Amino acid sequence: MNQATSPHLFSKFKPFRLFSSINKSNPPALAALPSHRPDPTSNDFEHERGNADAIGPASFAELGLSEWAVDTCRELRIERPTTVQSRCIPRILAGDDVLGIAQTGSGKTAAFALPILNRLAEDPYGVFALVVTPTRELAVQLVEQFRAFGSSLNLRCTLVVGGMDMLSQARSLSQRPHVVVATPGRIKVLLDQDPDLPAVFSKTKFLVLDEADRVLDVDFEEELRVIFKFLPKSRQTLLFSATMTSNLQALLQISGNRSYFYEGYEGFKTVDSLEQQFVITPKNLKDVYLFHILSRMEERNIRSVMVFVSTCRSCHLLSLLLEELDQSAVALHSHKAQKLRLSALSRFKSGQVPILLATDVASRGLDIPTVDLVINYDIPKYARDYVHRVGRTARAGRGGLSISFVTENDLDLIHEIEAVIQKQLTEYKYEENAFKDDLSMVFKARRVVTMKMVDDGFEETARERKAQKLRTLSEKGLVKKRKRKERKVAA
Ligand code: AMP
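Add 1137 to a position in the sequence shown, counting from 1, and you land on the number used in our numbering.
Structure representation (structure tokens):
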């Protein structure tokens, strides 16, 4: 791992200690681990690299999990631990702080949920674990997974996210559930505003930062400070991420005591079972190409599709357009009320609707096995987002396809993505004049939709949201920082 860290990050995170300060004993279960090789260059943490395809221990029982947990895995048809699970579960059971980096879809959630629940079952109380994740949809998914893994325990798991009733969340927290899954903003507000709530977390044993690279972004700094302030120092901290960033590297360096670092990927990797294609399209014909592909999904045995766009506005616009073209689709973006976001996702997940249009709010972590195709309607600005987006398909060893719409303005971006993933995308094949039949239909629908957009109040909501976001950022003193950061990344 490159140990170079930014001094800015270093000082940013120094005031709150990421990892706990107690010395950990060596885990008894470690004896069962294959090829356990500490990194000889590091005094502070133990660093192991792993091949995602490597064969680990044959069973969950060998990792030190209790019988009930092993039985639950079997019931969920999870028979054999993945590498991230076989490396991290024994260390978590033994009391270590862990940073696990592994490809999206490699079973990271079970890698932390199973050992946490195992420890909880030995000494049940609440709040035992706080799990923080960047988006509301991921938080919902995590609650579902904790409930599934804890189905034989009387598990009480609470969801604390924005856009939903805060009073009932506060009430639910005061009843001390075993596991709390939260987004950073809402848990911060509750801890700050309700004087009774900090006590609820005074004995919390585990803090998990899921999608840790995102949670540790500068926008969440203030929220994390509050969370860290109220959690006991003696807790275990578990960070899981699909991508290694300078933030995580900086944190590792200042972890200051023995913690365990599992790195199960080399750079930004996409899985081999994913076929990655591109199609060169004029900017003003992207919607025609999209309609052409979506209206032929059945012919190609594609069960469901996620279409990623760069803004809430184009997400909304495309959803109106597809509706006008009789394509059954739902949209997920941050200008939508949370109830509508959740209902859109659940209709898509259950197969009622085969197309999900989304901004990057849905690019990370969502685990929907029926997604056979990911379309990048807009090419993401950062290669890291590309990796997360296409990771919504070809999960857990299955196949999948991604198609990226490349306009002449996107050529540099797509070359950058290819360089980062170390793969070349192949060209999507279509017959000459294939889109001709769709042109007039899409153009007609476009005209209707442009008028609908004027009337349906979206623009007004968007303006209000933007103003609110700017206010929040400026209250946090982040307006300049963010601009500086964007310039730095662009450079
Ligand atoms: P995650 O990376 O946590 O989003 O998990 C991706 C998918 O893999 C989920 O559907 C899990 O239920 C599934 N999964 C987790 N662990 C295993 C395993 N050991 N074997 C097979 N599938 C698994």
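No residue lacks a Cβ here, since even glycine has one placed at the ideal position from N, Cα and C. Remember, predicted model here, so these are calculated numbers, not experimental data.
- In this chain, Asp1509 is not harboured by any alpha helix (DSSP H); it is covered by the beta strand (DSSP E) spanning 1508-1513.
- Distances between the C-beta of Arg1532 and the heavy atoms of the ligand AMP include at least one below 7 Å.
- In this structure, Ala1258 sits away from Leu1213, with a CB-CB distance that is not shorter than 8 Å.
- Contact between Phe1367 and Pro1332 is absent: CB atoms are separated by about 11 Å, not below the 8 Å threshold.
- Look at Asp1234 here: in three-state DSSP terms it is strand.
- Assignment of Thr1272 by DSSP, reduced to helix, strand and coil, places it in the coil class.
- DSSP, read as helix, strand or coil, puts Glu1216 in coil.
- The continuous beta strand (DSSP E) containing Val1297 extends over residues 1294-1297.
- Here DSSP, grouped into helix, strand and coil, assigns Leu1482 to helix.
- For Tyr1426, the uninterrupted alpha helix (DSSP H) run begins and ends at 1423-1431, by DSSP.
- Between the stretch 1231-1240 and the stretch 1379-1389, the count of Cβ pairs shorter than 8 Å is three or higher; the stretches touch.
- Selection Ala1307, Ser1203, Arg1256, Thr1320 evaluated against Gln1278 yields Thr1320 as nearest (Cα-Cα).
- Taking the Cα of Leu1251 as reference, the smallest distance to any Cα among Phe1357, Thr1270, Thr1219 is reached at Thr1219.
- Ranked by Cα distance from Glu1348, the options Leu1375, Lys1325, Val1508 are led by Leu1375.
- With a cutoff of 8 Å on beta-carbon distance, Arg1323 and Val1298 are scored as near each other.
- Rounded to the nearest whole angstrom, the C-alpha separation of Val1508 and Met1301 is 27 Å.
- With respect to Leu1455, Asp1424 sits close: the two C-beta atoms are nearer than 8 Å.
- Listed in chain order, the alpha helix (DSSP H) elements of length 4 or more contained wholly in the stretch 1342-1411 are 1349-1352, 1358-1367, 1383-1390.
- Counting only residues of its own chain and dropping the five nearest sequence neighbours on each side, Arg1602 has a CB closer than 6 Å to the CB of His1472.
- Contact annotation: the stretch 1263-1271 does not touch the stretch 1536-1552, with fewer than three C-beta pairs closer than 8 Å.
- A distance of 8 Å or more separates the beta carbons of Leu1202 and Ser1223.
- As a beta-bridge residue in DSSP terms, Leu1267 pairs with Val1317, Leu1344.
- Distance from Arg1529 to Met1443 at the Cβ level is roughly 5 Å; contact confirmed, criterion being Cβ atoms closer than 8 Å.
- Closest by C-alpha distance to Val1446, out of Ser1480, Ile1516, Leu1482, Ala1379, is Ile1516.
- Taking C-beta atoms as the reference points, Val1363 and Leu1328 count as a pair closer than 8 Å.
- Nearest neighbour of Leu1548 by Cα position, chosen from Leu1477, Val1416, Lys1566, turns out to be Val1416.
- At a cut-off of 7 Å, the beta-carbon of Lys1486 does not count as near the ligand AMP: no heavy atom of the ligand is closer than that.
- Tyr1426 places its beta carbon 8 Å or farther from that of Lys1340.
- Checking the 7 Å criterion, the Cβ of Pro1218 is within range of a heavy atom belonging to the ligand AMP.
- Taken from the Cβ of Lys1581, every heavy atom of the ligand AMP lies 7 Å or farther away.
- Take Gln1413, set aside five residues on each side of it, and the residues of its chain with a beta-carbon closer than 6 Å to its own are Ser1539, Leu1562, in chain order.
- For Leu1503 against Leu1275, the beta-carbon gap comes to about 7 Å, under 8 Å, which counts as contact.
- In the three-state scheme derived from DSSP, where H, G and I count as helix and E and B as strand, His1184 is classed as strand.
- The continuous alpha helix (DSSP H) containing Ser1611 extends over residues 1595-1612.
- Shortest Cα-Cα distance from Lys1613 to any of Glu1358, Leu1457, Asp1522 involves Glu1358.
- By the neighbour-count criterion, in which a residue is buried when 16 or more other Cβ atoms sit within 10 angstroms of its Cβ, Asn1513 is buried.
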